[in-house]
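So in the working numbering, spot 46 of the sequence shown is number 54, and the numbers just go up one at a time. Where a beta carbon is used, it is the ideal one built from N, C-alpha and C, also for glycine. Report on one structure; see the data block that follows.
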Amino acid sequence: GILAREIHAPFWITLPASAVTGIVLGFVFGLPSLRLRGLYLAVSTLALHFVVIYLGGEYETKRGFSTGILVEPPSLAGFKLSGGHFWYFVLLAAAAVSLLICINLLSSRSGRAFRAVHARETVAEALGISIGGYKLLAFVISSAMTSVAGCLFAYYRGFVSVEAFDLFLSIQYVAMIIIGGMGSLLGALLGAAFVTLFPYAIEALLHLLPNADKLAGDIFAVNYASFGLVMILFLVFEPLGLVGIWHRLQNYFLLWPFRYRPLAGARK
9 GILAREIHAP FWITLPASAV TGIVLGFVFG LPSLRLRGLY LAVSTLALHF VVIYLGGEYE
69 TKRGFSTGIL VEPPSLAGFK LSGGHFWYFV LLAAAAVSLL ICINLLSSRS GRAFRAVHAR
129 ETVAEALGIS IGGYKLLAFV ISSAMTSVAG CLFAYYRGFV SVEAFDLFLS IQYVAMIIIG
189 GMGSLLGALL GAAFVTLFPY AIEALLHLLP NADKLAGDIF AVNYASFGLV MILFLVFEPL
249 GLVGIWHRLQ NYFLLWPFRY RPLAGARK
């Protein structure tokens, strides 16, 4: 947004610049996070959220952009990329490319190292895998991809504002991973679909209740609480997320009618 507003940088400069910014932030915040694991790691990365929000807010205040930074539609070969229907296909193509990159990455040597570190760090280190190096690489790659997605998001909306990136958005992204299933690309897709459609389902249910008009102002609070409740339920009763449920349904229909009870100790 700053590049587009201050120096009128074109699309083919702002997009790679966003990726470079993500790489730098991923490296800077990844280094101190190497000593942390699990919940502590997730909480520490939220510090990046507050730092960026503060810096963005200060920039908007100092430059007088109280409502955010306007971003003009990009142009490629003289054709202006604008319109919600057009951007739908652009973002769909970007999501497909991102998925292909992740699939190929997981099939590479680095991807196998990621899986080993995720499964058991001690065993991975005994096999000669650099735990710190691959954790830092995961930070850098994910930050770069997220920054590119943010750049496309800014062009799609036509402006950038700190209000668009509140804490609830971060909670939604965490919910996508927990509900969908950690460590799974299919889980990421299922979690994203679930979290995107979940508020609409909650809103539809509220409208079915008596005195629905009086509850209109409480929709955000109900969504907030519902996300927390759903995340707790999945963590307690279904740690594998939606992808775990999908695999069980798949196995049920593949084995039916020859169902069998797994041996003791063989449960996943």
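Pairwise C-alpha distance: residue j and residue i
| i | j | result |
| --- | --- | --- |
| R256 | A212 | 29 angstroms |
| G64 | G30 | 15 angstroms |
| P81 | K88 | 6 angstroms |
| V32 | L23 | 15 angstroms |
| F19 | F35 | 24 angstroms |
| H57 | L262 | 44 angstroms |
| P247 | V238 | 12 angstroms |
| S178 | H16 | 29 angstroms |
| L113 | L144 | 15 angstroms |
| V60 | I109 | 27 angstroms |
| A172 | R117 | 37 angstroms |
| P218 | I227 | 14 angstroms |
| K276 | G119 | Low per-residue confidence applies at K276: pLDDT is 48, beneath 50, and the placement is therefore not dependable, though the value from the model is reported in the following sentence. Rounded to whole angstroms, K276 to G119 spans 22 angstroms at the Cα level. |
| L214 | V148 | 41 angstroms |
| L175 | G249 | 22 angstroms |
| R128 | A103 | 30 angstroms |
| I240 | Y181 | 15 angstroms |
| S74 | C159 | 20 angstroms |
| I139 | A200 | 29 angstroms |
| F97 | S90 | 11 angstroms |
| A196 | A132 | 24 angstroms |
| Y67 | L11 | 13 angstroms |
| T130 | Y260 | 34 angstroms |
| G92 | L99 | 10 angstroms |
| A229 | V28 | 36 angstroms |
| P207 | A134 | 45 angstroms |
| F202 | Q258 | 19 angstroms |
| T69 | V79 | 17 angstroms |
DSSP three-state assignment for residue i, whether helix, strand or coil
| i | result |
| --- | --- |
| F167 | strand |
| F235 | helix |
| F1 | In the structure displayed, the chain extends from 9 to 276; residue 1 sits before or after that span and is not available. |
| K276 | Any reading at K276 needs caution, since the residue's pLDDT is 48, under 50, leaving its predicted position unreliable; the model's value is listed next. In this structure, K276 counts as coil in the three-state DSSP scheme. |
| I137 | coil |
| Y67 | helix |
| I179 | helix |
| F58 | helix |
| S52 | helix |
| I77 | strand |
| S83 | strand |
Nearest neighbour of residue i, chosen from the options [CA to CA]
| i | options | result |
| --- | --- | --- |
| G72 | R13, S192 and L243 | R13 |
| I77 | I240, T204, F167 and A134 | F167 |
| S106 | A132, A127, L175 and T154 | T154 |
| V156 | A25, Y142 and L11 | A25 |
| T204 | V28, S90, L193 and I185 | I185 |
| G38 | V79, A201, E133 and S151 | S151 |
| F94 | A132, R165, P207 and A134 | R165 |
| S83 | F206, I21 and L243 | I21 |
| G345 | F202, N259, F242 and V170 | For residue 345 there is no data in the structure shown, the boundaries of the chain being 9 and 276. |
Beta-carbon spacing of residue i, residue j below 7 angstroms
| i | j | result |
| --- | --- | --- |
| I210 | N231 | yes |
| L198 | G188 | yes |
| L54 | S41 | no |
| A146 | I137 | no |
| A183 | F245 | no |
| A121 | Y142 | yes |
| L194 | V251 | yes |
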